[in-house]
Amino acid sequence: MTEIDHSLIGTSAPPFWVEVERGAIRKFADAIGDDNPLYRDEAFARRHGYDGIVAPPTFPTCFRAPKDPPWIATLDRRRIVAGEMGFHYVRPIVAGMRFECRLQFVGVDEKTGARGAMSLMRQVMSGYRIGEDGVARECVFTVRRTTVYRSAQQVASGSLA
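For the sequence shown, the UniProt record's numbering gives the first residue as 1, with consecutive numbering after it.
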């Protein structure tokens, strides 16, 4: 089935930068229905040892590059579905942190199931905290993500997976 450019496996997209804002953390917590005061109340978070409100564990799903990486850019967006994700943290993400995010295409698996063929693209995004000197040093988080690229038949039949 593959329309994925396998020659791009092992390549990285250009880095992009994000700044974690308090309002974005609160909106994200609202969207996922989590009323944990660490995500909303700065005084509460500080009393518990943090420098500010803390981002929920899946918050990096909001971090987006200004344009699609090369391995996604040429694909039919109607056929793309989010797959499995895993998160690893060295420390919590806190409002005010700035990150240089690096995205790498690490592999692709081809699968055929009852609904047809699909490609499972494996990607890793790492977030390096930018210090006051403007240099990205410490890797604070890593997100392993699988993006599902469905067959044209699945899309035509209205299948969601």
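All residues carry an ideal CB built from backbone N, CA and C; glycine is no exception.
Is it buried or exposed, I32, if we count other Cβ atoms within 10 angstroms and call 16 or more buried? exposed
Where do the N-terminal and C-terminal ends of the alpha helix (DSSP H) with residue 168 fall, by residue? Residue coverage of the chain in this structure runs from 1 to 161, which leaves residue 168 outside it and unanswerable.
Alpha carbon to alpha carbon, how far is A95 from K27? Give it in angstroms, no decimals. 13 Å
Just reading off the alpha helix (DSSP H) that R26 is part of, what are its end residues? It spans R22 to I32 - the alpha helix (DSSP H) in which R26 sits, taken as one unbroken run.
Enumerate, from N- to C-terminal direction, the unbroken alpha helix (DSSP H) stretches of 4 or more residues contained entirely within the stretch 41-112. Qualifying alpha helix (DSSP H) stretches, in chain order: 42-47 and 70-73.
What's the C-alpha gap between A13 and F105? 8 Å
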